Structure formats: structure tokens, C-alpha cells
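Asks:
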Amino acid sequence: MTAYIIRRFLQMFIVVFGLSVIIFLMLRLTPGDPAVIMAGLGATPETVQAIREKLGLDRPWYEQYWRLTSGLFNGQLQAMTYHVGVWEIIFERLPATLELGVLALIIALVISIPAGLLSAIYRNSPVDYSVTTVALLGISTPVFWTALILMLVFGVILRVLPVSGRGPTIGMWSFVTWDGLRHMIIPALALSSVLMAMNARLTRASMLEVMRQEYIKTARAKGIWEGMVIVKHAFRNAMAPVITNIGIQINTLFAGAVLTETTTAWPGMGRLMVEAINRRDMAVVLGLALFLATVAQLLYLAVDLMYVWIDPRITYD
Amino acid sequence: MAYILTAVVPGLGHLVQGWYGRAAAFLTALAVHGGILWLAVDKGRLGWVAEGRVDARYLPGYWVSTWILMGIFALIWCFSFRDLYRLNHRQEGMGQSYWQIVWRRFRQDPKGLLGAGIVMLMLYLALFAPFFAQADPIKMNFQAIRQPPSLEHPLGTDNFGRSILDRAIYGSRTALGIGVVATLLNMLLGGVLGLLGGFYRGSADAVIMRFLEILNSIPFFLFALLAMSIFGSNVPVMMIVLGIFGLQPARIIRSEVLSVREEDYVMAARALGVGTWRLIFRHVLPNAIASLVVTTTMRVGVNIIVIAGLSFLGLGIKPPTPDWGSMLRDAQEYFRVAWWMAVFPGLFIVITVFGFNILGDSLRDVMDPRLK
Chain A
1 MTAYIIRRFL QMFIVVFGLS VIIFLMLRLT PGDPAVIMAG LGATPETVQA IREKLGLDRP
61 WYEQYWRLTS GLFNGQLQAM TYHVGVWEII FERLPATLEL GVLALIIALV ISIPAGLLSA
121 IYRNSPVDYS VTTVALLGIS TPVFWTALIL MLVFGVILRV LPVSGRGPTI GMWSFVTWDG
181 LRHMIIPALA LSSVLMAMNA RLTRASMLEV MRQEYIKTAR AKGIWEGMVI VKHAFRNAMA
241 PVITNIGIQI NTLFAGAVLT ETTTAWPGMG RLMVEAINRR DMAVVLGLAL FLATVAQLLY
301 LAVDLMYVWI DPRITYD
Chain B
318 MAYILTAVVP GLGHLVQGWY GRAAAFLTAL AVHGGILWLA VDKGRLGWVA EGRVDARYLP
378 GYWVSTWILM GIFALIWCFS FRDLYRLNHR QEGMGQSYWQ IVWRRFRQDP KGLLGAGIVM
438 LMLYLALFAP FFAQADPIKM NFQAIRQPPS LEHPLGTDNF GRSILDRAIY GSRTALGIGV
498 VATLLNMLLG GVLGLLGGFY RGSADAVIMR FLEILNSIPF FLFALLAMSI FGSNVPVMMI
558 VLGIFGLQPA RIIRSEVLSV REEDYVMAAR ALGVGTWRLI FRHVLPNAIA SLVVTTTMRV
618 GVNIIVIAGL SFLGLGIKPP TPDWGSMLRD AQEYFRVAWW MAVFPGLFIV ITVFGFNILG
678 DSLRDVMDPR LK
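If you read the protein sequences in the order shown, they are chains A and B.
Numbering-wise, the working numbering puts 195 at position 195 of the first sequence, and it's gapless, one number per residue.
Every position in the second sequence, counted from 1, becomes a number in the working numbering once 317 is added.
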């Protein structure tokens with residue numbers, strides 16, 4: 001087990017390193033000079049050159065790469081166009097995305113798991129048809145459109161929720177204040193819509209699979225009350241793939257966060273990503289990308305380790 | 318006699334011989350395409366009608382749609398002849414082929430029919446956009462800015478006075494065009510990787526699986542954003558980026574190949590000295606076709622959503638080219654005063670993707686009941 005974890009960490013290191021090289025090379029190819037964007041309109045070529053020198057953009061590529069990556073590791077790297085450190089700006093935006101993502105995930109699970117469960121138990125009933133149809137509609141709807149429609153309905157027509165932006169925060173978190181929580185509802189609902197649909201479908205499929213197993217028949221044959229069979233024998237086993245899939249959904253969650261944050265003007269990491277790309281800020285883009293890739297890798301590892309805990313038949317030795 | 322009637326109007330030959338269901342199908346197809354033809358002539362946009370009467374820059378687009386329509390007419394005639402011939406020369410007691418069974422099951426599945434209907438509708442909107450649209454989707458009209466839905470503009474107009482309906486119709490071209498090509502690339506690349514991995518196993522498989530794992534572990538959307546901003550937002554780049562990063566089909570194909578290659582008939586073919594490629598194309602692939610078709614269908618939906626997302630962020634299709642995602646991007650600024658700008662382009666996306674998804678769902682049920 002320890003050997004396995006060490007191997008995975010090595011693999012993770014290689015992936016992140018390879019990614020840093022690829023992203024750096026991609027950014028070097030980008031048309032658009034950050035120095036020109038920073039200098040602003042009407043800047044003289046001398047000013048642009050001075051900024052370029054200050055950022056080290058006139059150096060050969062390997063020196064630039066070294067400057068960026070070593071700066072990321074020791075935390076000293078300055079953002080090119082934001083006048084603050086890269087990690088400072090990332091960690092300033094992190095809580096906003098984190099609270100949004102967690103709230104969205106909670107909403108999604110609270111609704112999707114019971115829905116998927118009911119749908120599997122009452123298979124081919126009106127309940128099942130409505131759950132599967134709504135779930136299918138859910139995976140067919142782009143999150144940014146869901147966000148726009150929610151903004152239109154709750155913000156413009158009903159005027160019950162704030163349309164965009166983040167409410168007041170206490171210590172970087174906004175869910176602790178009432179107004180902050182109100183601001184979170186629309187983006188969180190939009191973000192959760194896709195997760196909700198995916199998890200409802202997954203719960204239903206997994207539950208149906210388990211209900212086909214022999215031990216369910218055995219349990220029923222023993223005369224155990226059906227509710228007990230479902231809760232204790234089927235549900236617990238059916239949850240394993242659902243739980244482990246949540247880790248894999250981070251990709252969906254991130255793509256969703258970029259889009260919902262842009263739509264609802266939520267100052268999180270997703271919006272930072274789009275901003276930084278538009279401003280050609282290599283340092284911030286690279287930092288964000290590597291940070292996200294590392295988080296994703298850690299989550300995947302956690303998922304793989306969780307398999308062992310959930311299903312004792314699996315070992316990695 | 319029946320053949321002569323068929324040559325005049327496809328479906329009549331079936332009618333006199335008593336195949337009423339098929340006759341109705343051919344006559345309906347003829348009527349629908351006749352309707353499209355009438356629309357084209359009525360608006361003066363059929364190639365021959367338009368020649369010399371409209372601005373020359375519109376002509377190539379009109380001609381493409383015209384020839385596609387002519388091609389479909391030719392197909393209707395060919396199929397009606399073939400079908401009639403087959404019905405007349407059918408032998409009694411013949412078994413049904415796999416595709417006949419699939420077709421019979423599919424026809425009884427309302428879900429699949431709805432999906433196929435939506436997909437066909439969107440496909441036709443894309444192919445014959447010039448015939449369906451009322452006005453030029455790009456030309457601005459400052460007399461009609463942000464008008465609510467009315468008889469003249471059924472879905473309202475945008476901030477440049479262009480009809481939302483026309484732009485949405487033309488938008489189906491970018492969505493379906495890029496979506497379908499990217500999906501084919503996904504299937505081709507993913508299919509080759511999955512086939513090789515599953516078939517040869519061993520070290521080739523290990524390398525391919527590691528590569529896929531790495532590709533899966535990086536947030537896809539991040540890479541798409543980067544790639545689009547670097548290589549420029551144009552259509553071929555978008556197709557390639559989506560094509561390369563959506564290799565998930567490789568896993569499905571690989572697992573399918575792994576299970577098929579253990580079957581006795583594959584071993585028998587091998588013992589008979591059948592070569593590797595023939596084995597793959599004649600024995601392994603046809604047996605994996607069900608999951609291939611299902612994945613392809615569902616994948617188109619995913620790609621359409623990603624395309625819309627990239628355009629929404631301003632990194633996909635550039636204005637003024639009509640595209641559902643960039644229409645929603647424009648709507649973001651005006652949705653408080655012009656709800657129609659936000660609602661309708663999104664509905665087009667949802668309906669299209671929903672169509673592909675239920676079609677895929679239904680195909681899974683009818684093509685491979687094991688997967689249900």
C-alpha cells in the first residue's frame with residue numbers, strides 16, 4: 001500500500017511537471033504581449049521594453065521557464081499584470097470558488113441521491129420517467145444558460161434574489177452572512193444542476209445493478225422487510241460508485257465554475273482564469289493550471305484509496 | 318406498372334401493390350422535401366432561381382443547399398425503387414438481420430423516435446439554413462434593435478436588429494458542423510487507441526492507458542481555454558482541440574474489445590489463420606458496434622455544449638458568425654431588458670443536445686439490451 005502511494009506521488013509529480021512544460025510552451029506561442037497590455041494604450045516602445053525587461057520577457061525561454069516555476073515553488077512569483085503575488089491572488093479567489101463548489105455539491109447530492117433511489121425502486125413508474133427525463137434535460141443544459149435563466153426569473157421577474165456579484169464576506173467567506181448566502185443561491189443552483197443530473201443517473205444505474213445481485217434475492221428470501229433490504233443491503237453497496245465518482249466530477253465542477261462565475265460575476269478562480277488568459281498573464285495562468293491539476297491528481301488518488309476502504313476486495317499490492 | 322408509377326412519384330408503386338405503410342412513408346418524405354423546395358423557390362434562393370438575381374456573395378451558400386436538396390430527392394427515388402424490388406423478390410421464411418431487429422425495436426420506442434426527430438430537424442435546419450431563414454443573419458438593421466417577439470420577428474431581434482430566429486437557424490450550422498466533426502475525430506483517435514490497447518494488450522496497452530489517465534487528470538476545459546486563446550478562435554482549431562481532448566471513447570472501446578477478443582469465435586477465426594486486421598474489422602469491430610454508436614451519439618451532445626461554452630466566454634466562434642454560444646454572450650449584457658435574447662438561443666442548445674441524448678439512450682436500449 002505504501003509503495004503504491006509513493007508510486008502514485010511520483011506519477012503525480014511527472015504529470016504536473018509535464019503539464020508545466022506544455023502550458024509554458026503553449027503560453028509562449030500566444031500572440032499578444034503582456035508587456036503591451038500592461039503598458040496600456042499610447043505607451044512608447046521604450047516603456048514597453050522596460051516592462052518587458054522587468055518581467056524577464058526578453059530572456060531565453062528556458063530562463064523564463066525556470067523563473068516562473070521556481071518562483072511558483074518558493075511562492076515569490078509576482079503576477080505579471082495584477083501587481084500582487086501569484087499565490088496571493090489565487091488564494092484570494094480560492095474561498096469564493098470553494099464555498100460555491102461545496103454548496104453546489106451538497107445541493108446536488110441532497111436532491112440527486114434520493115431521486116435516483118426512488119427512480120430505481122419504482123422502476124418504469126411515472127416517478128422513474130419524470131426523474132430520468134429531468135436528469136436527461138439536466139445533462140443537456142449548459143450551466144451558463146441555467147444561470148442566465150435563474151437570474152432572469154429570480155432576479156429580474158420575481159426580484160427576490162440579487163442578480164450577480166458576491167455579497168458581504170466575513171473572513172473571506174460569504175456563506176456566513178445572510179446577504180452573502182442570498183448571493184450564492186443562483187450560481188450554486190446553476191452549478192449544481194449538471195452534477196445533480198449526473199449523480200441521479202448514476203445512483204439509478206448503480207442501484208438497479210445492485211438490485212439484480214443474488215444477495216438481494218437471498219435477503220428477500222429470508223423474509224427481510226423490503227425497506228430494510230433496500231436501505232441496508234442495496235443502498236450501501238450502490239453508493240460506492242456514486243461516492244467515488246464525486247472525485248472524478250471535479251473536471252465538470254471546474255468547467256462549470258468557469259462558466260457560472262463568468263455569468264454571475266462571482267469573483268472566484270474560474271473567472272480569474274478567463275481574466276488571466278485574456279490579459280496574457282503567463283504567471284497567473286501557469287500557477288492556476290498547476291494548482292488545479294495538482295488538486296485534481298490528489299482527488300483521484302483519494303478516490304482510488306477510498307475504493308479499498310469501501311470495497312475490501314480491492315487491493316493495490 | 319408499379320415501377321413506372323414509382324418513377325413518377327415514389328410511393329405510388331407501393332400504394333398500388335398494397336404496401337400502405339411504406340407508401341405513406343415515401344409520400345411523406347416527398348411532401349416534406351417538396352415543401353423545402355417550395356420554400357426555396359418562394360424566397361428566390363434555389364440555385365437556379367437566385368442566379369443573377371441576388372448579391373453574388375450569397376450564391377455559393379444557396380448552391381450548396383440546393384445541391385444537397387437535389388441529392389436527397391435522388392436518394393428518395395433510389396430507395397423507393399430498391400424497396401419495391403426487395404419487397405417483390407422477398408423469399409418466405411427468411412430470418413431477420415441484426416439491423417432489421419434493431420430497426421423494428423427502434424420504431425416501437427417513442428423516446429428514440431422523439432430523439433431522432435429532433436436530430437433530423439436540427440440537421441435539416443443546418444443543411445437548408447438559407448431556405449428557412451428570412452433575412453441575412455449578419456446584416457445589421459438599426460431600425461429594429463432589440464424588438465420583442467412579434468409576427469415579423471418570431472423570436473425577437475438582438476442588439477444589432479438581427480432576427481434571433483434567423484441567427485439561431487444559422488447557428489445550428491456551427492454547432493452541428495463542429496460538433497459532428499469533433500465527435501468523428503474523437504471516435505477515430507479514441508477508437509484507434511482503444512482498439513490497439515485492447516487488442517495487443519501488454520506494454521502498448523499500458524502506455525495508452527497511462528496516456529489516457531494523464532489526459533483525463535487535467536481539467537479539460539482549462540486546456541480548451543488555453544488552446545483556443547493560443548491558436549486563435551477559428552473553426553478548424555476548435556474541431557481539432559475538441560477532437561483531441563475527448564478521447565474517453567477509447568476506454569469504452571478498449572473494454573469492449575477486451576471482452577470480445579476472448580470469445581470462442583475470435584479464437585476460431587484466429588485458428589483458421591485470419592490476419593490481425595481482418596480479425597479486427599470483421600470480427601471485433603462489428604461486435605463492438607453497439608457501444609460505438611451509442612457513445613458517438615452522446616458525444617455529439619457533449620461537444621455541442623462545450624462549443625457553446627467556449628463561444629460564450631468569447632473564445633470560440635467569433636462574431637458576427639451566428640452561433641448559439643456567442644448569441645448568449647451578447648444576451649448577457651441585455652437580459653434585463655431583452656429576455657428573448659437570453660431564452661431562445663439557449664432553448665436551441667438544450668433541445669438539440671437533449672435530442673442527441675435521448676437518441677443515444679434509446680439506441681443503447683435497442684441495440685444492446687444487455688446494457689439496459
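Don't be surprised by glycine CBs; every beta carbon is placed ideally from N, CA and C.
If you're wondering where the values come from, they're calculated on a predicted model, not measured in any experiment.
1. So, using beta-carbon positions, are B:Met708 and B:Ile495 closer together than 8 Å?
2. According to a CB-to-CB cut-off of less than 7 Å, which residues of the segment 421–436 of chain B neighbour chain A?
3. According to a CB-to-CB cut-off of less than 7 Å, which residues of the segment 621–645 of chain B neighbour chain A?
4. For a cutoff of 8 Å on Cβ pairs, would you count A:Val131 as touching chain B?
5. A:Thr177 by DSSP, collapsed to three states: which one?
6. Measuring only the C-alpha atoms, how far is A:Ala39 from A:Ile51?
7. Assuming A:Ile23 and A:Leu286 make a contact with CB atoms under 8 Å, what is their CB distance in whole Å?
8. In the DSSP assignment, what are the bridge partners of A:Gly85?
9. For B:Arg578, which residues of its own chain have a beta-carbon under 8 Å away from its beta-carbon, when the five flanking residues on both sides are left out?
10. Which chain A residues are close to B:Phe652, counting only those with a beta carbon under 8 Å from its beta carbon?
11. At the 8 Å Cβ level, is B:Gln408 part of the contact set with chain A, yes or no?
12. On the DSSP bridge assignment, give the partners of B:Thr474 in chain order.
13. Residues of chain A with CB closer than 7 Å to the CB of B:Trp657, please, in chain order.
14. Is B:Leu493 close to chain A? Criterion is C-beta to C-beta, closer than 8 Å.
15. Measure from the alpha carbon of A:Pro162 to the alpha carbon of each residue in A:Met172, A:Gly171 and A:Leu148, then state which is nearest.
16. Can you name the start and end residues of the alpha helix (DSSP H) that B:Asp443 belongs to?
17. Give the DSSP-derived three-state secondary structure of B:Ile525 in the structure shown.
18. Mind pulling the chain E residues with CB within less than 9 Å of A:Ala293?
19. Drop a sphere of 10 angstroms on the beta-carbon of A:Leu158, count the other beta-carbons inside from all chains shown, and report buried for 16 or more, exposed for fewer.
20. Please name the residues in the segment 665–678 of chain B whose beta-carbon is closer than 9 Å to at least one beta-carbon of chain A, in chain order.
21. Distance check for A:Ala219 and A:Trp225, CA to CA, integer angstroms please.
22. Answer yes or no: the CB of A:Leu253 versus the heavy atoms of the ligand FAD, is any distance below 7 Å?
23. Verify the CB distance criterion: does B:Leu344 have a CB-CB separation below 8 Å to chain A?
24. Under DSSP, the alpha helix (DSSP H) around A:Asp304 begins and ends at which residues?
25. Just to confirm my understanding: we take A:Val194, look at its own chain, exclude 5 residues before and 5 after, and list those with CB closer than 7 Å. What are they?
26. State yes or no: is the beta carbon of A:Phe235 nearer than 8 Å to at least one beta carbon in chain B?
27. Listing by chain order, which chain A residues have their CB less than 8 Å from the CB of B:Gln649?
28. For the segment 324–397 of chain B, list the beta strand (DSSP E) runs that are entirely contained and at least 3 residues long, ordered along the chain.
29. So for B:Ile634, helix, strand or coil by DSSP?
30. Using only the alpha-carbon positions, how far apart do B:His406 and B:Val611 sit?
31. Shorter than 8 Å from the beta carbon of A:Asn251 to some beta carbon of chain B?
32. Can you give me the C-alpha to C-alpha distance between B:Arg490 and B:Trp641, rounded to a whole angstrom?
33. Looking only at C-alpha atoms, which of A:Pro60, A:Ala79, A:Arg8 and A:Met26 sits nearest to A:Asp281?
34. Could you check if B:Asn620 is buried or exposed, using at least 16 other CB atoms within 10 Å of its CB as the buried criterion?
35. Since B:Leu645 contacts B:Gly633 with CB under 8 Å, what's their CB separation in whole angstroms?
Replies: According to the structure shown:
1. Past the edges of chain B, shown from 318 to 689, lies residue 708 of chain B, and the structure says nothing about it.
2. none
3. Ile622, Ala625, Gly626, Phe629, Leu630 and Leu645
4. no
5. coil
6. 7 Å
7. 6 Å
8. A:Gln78
9. Gly515, Phe516 and Val601
10. Leu148, Met151, Leu152 and Val156
11. no
12. B:Ser480
13. Within chain A, no residue comes near B:Trp657; the closest Cβ sits about 11 Å away, beyond 7 Å.
14. no
15. A:Leu148
16. The amino acid occupying residue 443 of chain B in the given sequence is Ala; Asp does not appear at that position. Note, B:Ala443: alpha helix (DSSP H), Pro427 to Leu444.
17. helix
18. Absent here is chain E; the protein component of the structure consists of chains A and B.
19. exposed
20. Ile666, Val667, Ile668, Thr669, Val670, Phe671, Gly672, Phe673, Asn674, Ile675 and Asp678
21. 9 Å
22. Absence of the ligand FAD is noted for the structure shown, with no ligands found whatsoever.
23. no
24. Met282 to Ile310
25. Gly138, Ile139, Val143, Thr252 and Gly256
26. no
27. Leu148 and Thr263
28. none
29. coil
30. 33 Å
31. yes
32. 10 Å
33. A:Ala79
34. buried
35. Going by Cβ atoms, the distance from B:Leu645 to B:Gly633 rounds to 11 Å, so no, they are not a contact pair.
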